[in-house]
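Student: Residue numbers (the working numbering), protein chains in the order written: chain A, 1 to 103; chain B, 104 to 206.
The structure is given below, and queries will be raised subsequently.
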């Protein structure tokens with residue numbers, strides 16, 4: 001598998017972020033060609049009560065690096081990227097790489 | 104689903120980290136009770152060539168928060184945690200939260 005992880009910084013208005021992510025951004029990103037999986041993790045305080053370092057972790061996977069690279073070049077992916085300033089002005093990091101499934 | 108994400112900082116010796124992770128740590132962590140999934144993402148430079156912010160992203164999932172919490176209390180999970188100083192002295196962040204599957 002090949003994976004894109006998006007780490008979203010804490011937004012000024014979490015409720016507005018969450019609504020836009022669910023209603024607008026996730027449906028846009030889900031149109032990226034060839035997606036094998038796409039999950040959204042809503043980060044919460046850990047067992048010690050500490051604030052998590054990010055607000056949301058999105059994980060998108062493709063079967064191969066080639067299919068991921070093709071998706072990154074697609075108009076659908078670019079449309080999702082163009083939506084980021086509409087809700088993620090606090091910033092986000094995109095991380096790429098191969099993924100092994102252990103379980 | 105409920106998810107634990109582990110973000111590993113860049114180690115001093117990436118080859119030693121990777122070998123220990125594959126040969127020792129992943130088999131230990133895979134013994135955590137009730138795991139529904141466990142993937143290991145080997146972060147690489149992005150399309151712009153920039154160094155990724157982390158070395159490895161591990162993603163462990165359980166079907167429910169209760170099963171995750173039970174796993175965190177288990178001797179198997181604690182054994183995996185006790186292994187961290189053996190390879191992850193550069194540090195790691197553990198992030199918890201519920202996960203929605205979009206695709």
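Just so you know, even glycine gets a beta-carbon here, dropped at the ideal spot from N, CA and C.
None of the values given here were measured: they were computed from a predicted structure.
1. Can you tell me whether DSSP reads residue 175(B) as helix, strand or coil?
2. So what does residue 64(A) bridge to, in DSSP terms?
3. If you reduce the DSSP assignment to three classes, tell me which class residue 123(B) lands in.
4. State the Cα-Cα distance for the pair residue 60(A) and residue 184(B), rounded to the nearest angstrom.
5. Can you confirm whether residue 92(A), when its beta carbon is compared against all beta carbons of chain B, has any partner nearer than 7 Å?
6. Report the residues of the stretch 138 to 153 of chain B with a CB closer than 9 Å to any CB of chain A, ordered along the chain.
7. Specify the secondary structure class of residue 26(A) as computed by DSSP and reduced to three states.
8. Output needed in chain order: residues of the stretch 6 to 38 of chain A with a Cβ under 7 Å from some Cβ in chain B.
9. Check whether the Cβ atoms of residue 143(B) and residue 111(B) sit closer than 7 Å, and answer yes or no.
10. Going by DSSP, which residues form a beta bridge with residue 199(B)?
Tutor: Put simply:
1. helix
2. Partner(s): none; residue 64(A) has no beta bridge.
3. helix
4. 27 Å
5. no
6. 138, 139, 140, 141, 142, 143, 144, 145, 146, 147, 148, 149 and 150
7. helix
8. 26, 30, 35, 37 and 38
9. no
10. 44(A) and 107(B)
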